[in-house]
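Trainee:
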Amino acid sequence: MSEQTLRVSEDLKLGKVEIAPDVIEVIAGIATSEIKGVYSTRGNFAVGVAEKFGLKSHSKGIKVELTEEGVMIDVFVVFDFGVTIPVVAQKVQANIRETLKNMTALEIQEINVHVVGVQMDKEDEQSKE
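Every number in the numbering used here is 30 more than the matching position in the sequence shown, counting from 1.
1. Can you tell which of 148, 133, 108, 150 has the C-alpha that lies nearest to the C-alpha of residue 63?
2. Distance, Cα to Cα, residue 104 vs residue 151?
3. In this structure, does DSSP put residue 71 in helix, strand or coil?
4. Assuming the contact rule is C-beta atoms closer than 8 Å, residue 136 and residue 58 should be a hit. Round their C-beta distance to whole Å, please.
5. May I ask which residues mark the beginning and end of the alpha helix (DSSP H) holding residue 52?
6. Using the three-state DSSP reduction, which class does residue 150 fall into: helix, strand or coil?
7. Keeping to the same chain, check which residues put their C-beta closer than 7 Å to that of residue 95; ignore five residues upstream and five downstream.
8. Taking only three categories from DSSP, how would you classify residue 43?
9. Identify, in the order they occur along the chain, each residue of the same chain with its Cβ nearer than 6 Å to the Cβ of residue 54, setting aside the five sequence neighbours on each side.
10. When you compare only the Cα positions, how much space is there between residue 111 and residue 36?
Here it is as structure tokens:
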């Protein structure tokens, strides 16, 4: 297994299948955005600047690390105000694990959800003023 890809299959007759960590990040990002209660994922400054120019990044806020023990994923999310954080975080973990299992047949060692913010509902704030 190289540092840049994760080997999934090595059938000598057909060849090998490798998945880049970027692909895992995109799949995990989309799986995260499917969960009710997730407002957004939080990327770095460069991703924020790119989005200002209209470039959409599905891997924003997702970090994939390939280790000897397996695949570790860190997800940095902003939740909607009023959700039960542990419940929504567990749904994020379960959906990422299931989606990656279905699409890549990979077993994920751990999925860490980092709640980096809570988004207040803008409509409620405007009606109070």
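The beta carbon of each residue, even a glycine, is placed where N, CA and C say it ideally should be.
These figures come from a predicted structure and were not determined experimentally.
Mentor: The short version:
1. 108
2. 26 Å
3. strand
4. The pair is not a contact, with the Cβ atoms about 11 Å apart (cut-off 8 Å).
5. 51-63
6. coil
7. 102
8. coil
9. Residues 94 of the same chain have their beta carbon placed closer than 6 Å to that of residue 54, with the five preceding and five following residues left out of the count.
10. 37 Å
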